[in-house]
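For any residue, its number in the numbering used here is found by taking its place in the sequence shown, counting from 1, and adding 3.
For every residue, glycine included, the Cβ atom is placed at its ideal position computed from N, Cα and C.
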Amino acid sequence: MNGTATRVFERPARIDPSMNEKEMQRSKDPVQVRVPTRIDLAGGTVDIWPLYLFHPGAVTVNAAVDLWAELRATPLRQKGVLVHEADGRVFRHTPAMGQRKQGLNLYTVALDHLPTQGGLSLEVTCRAPHGSGLGGSSSLLVGLCAALLRLRGQPVVRKRLLELVRDLETRLLGVPAGTQDFYAALWGGVQAIRWEPGAPLREVLRIETAELEKRILLLYTGKSRHSGTNNWQIFRNHLDGDKRVRIHLEQIASAARGVREALLRRDFEEVGRWMAEEARARKRLSPGIMTPEIHSLESAMARHGAAAVKVCGAGGGGCVVVYGRPDQKNDLGRLATQEGFTVLPFHIVLGGLQFRAGLRREVRGADA
Numbered sequence: 004m005n006g007t008a009t010r011v012f013e014r015p016a017r018i019d020p021s022m023n024e025k026e027m028q029r030s031k032d033p034v035q036v037r038v039p040t041r042i043d044l045a046g047g048t049v050d051i052w053p054l055y056l057f058h059p060g061a062v063t064v065n066a067a068v069d070l071w072a073e074l075r076a077t078p079l080r081q082k083g084v085l086v087h088e089a090d091g092r093v094f095r096h097t098p099a100m101g102q103r104k105q106g107l108n109l110y111t112v113a114l115d116h117l118p119t120q121g122g123l124s125l126e127v128t129c130r131a132p133h134g135s136g137l138g139g140s141s142s143l144l145v146g147l148c149a150a151l152l153r154l155r156g157q158p159v160v161r162k163r164l165l166e167l168v169r170d171l172e173t174r175l176l177g178v179p180a181g182t183q184d185f186y187a188a189l190w191g192g193v194q195a196i197r198w199e200p201g202a203p204l205r206e207v208l209r210i211e212t213a214e215l216e217k218r219i220l221l222l223y224t225g226k227s228r229h230s231g232t233n234n235w236q237i238f239r240n241h242l243d244g245d246k247r248v249r250i251h252l253e254q255i256a257s258a259a260r261g262v263r264e265a266l267l268r269r270d271f272e273e274v275g276r277w278m279a280e281e282a283r284a285r286k287r288l289s290p291g292i293m294t295p296e297i298h299s300l301e302s303a304m305a306r307h308g309a310a311a312v313k314v315c316g317a318g319g320g321g322c323v324v325v326y327g328r329p330d331q332k333n334d335l336g337r338l339a340t341q342e343g344f345t346v347l348p349f350h351i352v353l354g355g356l357q358f359r360a361g362l363r364r365e366v367r368g369a370d371a
């Protein structure tokens, strides 16, 4: 069965941000939302505008996974926002925070743009480790903005929400943000995003997700990383005319097309070969993505027959994907544990952004 492609974006109307803890009294019912994270199989970095315009046919392939980002927003009568994270950290947000350049974080950029009447208590968890390269912060931003829109009585439309969170993340990072994370967060599934001028094409790759799951080993290095730093250096060098960067990004784009085509043919061995090619091109592009620990893991996995070892996201830490035969997965997992890595169990999920109840009523554009 061939994949299907749908055009994703019409120009959205601007969302108007002008709407206006001691007692901790609720003023409305809480809003609960959960959002998948993602494993990028191939084609990262070329998802940043305008880099993909310089590489015709550029594509990114990823899979949404159940390492959920979850958020519960409880309205309060008194102004001010308290953020409770799963690790016990508590942040307080006030309207004045957005006026300062220092101290900006994911919560302030969203709350300054989408303020609520009264106060708010936010309880936040994410199963993807912090700095894992699985798009956890992007998924949290999607969930937060969706919850704020719901509390403000505004519709949650995926097409519009994607452009909003892309711009807010760029504001937060201080450098251009890629958008592949948001496609997985909003729509879920295994997908190829084809970066065409004017409007990207989201292509749903209708494959047996279990076939991918039993070939992919997801590992955590135990060290977080920051995607903006690596990507900004690549972005700047490309625009400055660095031919080496242009060549390696073209190789990454070509390998991603190979992954897409192999998935459409259900040739899962070929998927591994193209993932390995993408990983080699990425190492040439940015050698810093490979820590000594990841180098050691790569060598050990190659000796035991793995087809590919690929860093997730911008690399330099975070998570690593190992791709191999189904009959190898348990042995490779034990080997990775001996190397000091943590195996993260996961399943691919076919849906994106979800409210706790009434998803079809609350989130528009489910098929867009």
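Once you ignore the five residues that flank valine 93 on each side, which residues in its own chain have a CB closer than 7 Å to its CB?
-> Around valine 93: Leu85, Val86, His87.
Under 8 Å by Cβ, that's how I've got alanine 282 and valine 38 pegged, so tell me the actual separation to the nearest angstrom.
-> About 27 Å separates the two Cβ atoms, so there is no contact after all.
Below 6 Å CB to CB, which residues in the same chain sit around tryptophan 198 once its five sequence neighbours on both sides are set aside?
-> These residues qualify, in order along the chain: Tyr55, Ala61.
When DSSP labels each residue in this structure, what does histidine 87 get in the three-state scheme?
-> Histidine 87: strand per DSSP, three-state reduction.
Do the region 299–318 and the region 253–270 make contact, defined as three or more Cβ pairs closer than 8 Å?
-> No, the region 299–318 does not touch the region 253–270.
Over what stretch of residues does the alpha helix (DSSP H) that includes glutamine 341 continue unbroken?
-> Glutamine 341 -> alpha helix (DSSP H) spans 332–341.
Indicate whether the contact test is met: 3 or more Cβ pairs, each with one atom in the region 178–186 and one in the region 247–262, closer than 8 Å.
-> Result no; under three Cβ-Cβ pairs closer than 8 Å.
Given a cut-off of 8 Å, decide if lysine 332 and leucine 220 are closer than it, judged by their beta-carbon atoms.
-> Yes.
Cβ-based neighbour list, serine 257, same chain, cut-off 7 Å, excluding 5 preceding and 5 following | The answer is none, since no qualifying residue turns up.
If we count Cβ pairs, one from each stretch, closer than 8 Å, do we get three or more for the region 38–54 versus the region 335–345?
-> Contact fails: fewer than three Cβ-Cβ distances are below 8 Å.
Compare the C-alpha of arginine 247 against each of Trp277, Leu215, Arg285 and name the closest.
-> It is Arg285.
Below 7 Å CB to CB, which residues in the same chain sit around glycine 191 once its five sequence neighbours on both sides are set aside?
-> Taking C-beta separations shorter than 7 Å and ignoring five residues to either side along the sequence, the partners of glycine 191 in its chain run Pro39, Ala67, Val352, Leu353, Gly354, Gly355, following chain order.
Determine the burial state of phenylalanine 238: buried for a count of at least 16 other Cβ atoms within 10 Å of its Cβ, exposed for fewer.
-> Per the 10 Å Cβ criterion, buried.
May I have the straight-line CA-CA distance separating valine 314 from cysteine 129, to the nearest angstrom?
-> When rounded, the separation of the alpha-carbon atoms in valine 314 and cysteine 129 is 20 Å.
Where the alpha helix (DSSP H) containing lysine 313 begins and where it ends | Judged by DSSP secondary structure, lysine 313 falls outside any alpha helix (DSSP H) and instead within the beta strand (DSSP E) spanning 311–314.
Per-residue burial, glutamine 81 [other beta carbons within 10 Å of its own, 16 or more giving buried] | Glutamine 81 should be labelled exposed.
Which residue comes first and which comes last in the alpha helix (DSSP H) that contains serine 2?
-> Nothing about residue 2 can be reported from this structure: the residues present for the chain run from 4 to 371 only.
Paired residues, beta bridge with alanine 358 - DSSP = For the sequence presented, residue 358 should be read as phenylalanine rather than alanine. For phenylalanine 358, which the question treats as bridged, DSSP gives the partners Val36.
Residue from Leu125, Ala72, Ala89 with nearest C-alpha to arginine 95 = By alpha-carbon distance to arginine 95, the top candidate from Leu125, Ala72, Ala89 is Leu125.
Three-state secondary structure assigned by DSSP to serine 135 = Of the three classes helix, strand and coil, the one that applies to serine 135 here is coil, per DSSP.
Beta carbon of phenylalanine 349, beta carbon of leucine 70: below 8 Å?
-> In this structure, phenylalanine 349 lies near leucine 70, with their beta-carbon atoms less than 8 Å apart.
Rounded distance between the beta-carbons of alanine 113 and leucine 151, thought under 8 Å = The distance from the Cβ of leucine 151 to that of alanine 113 is about 6 Å, consistent with a contact at the 8 Å cut-off.
Who are the Cβ neighbours of glutamate 301 in its own chain at under 8 Å, not counting the five residues just before and after it?
-> Excluding residues within five positions, the ones whose Cβ falls inside 8 Å are Met293, Val312.
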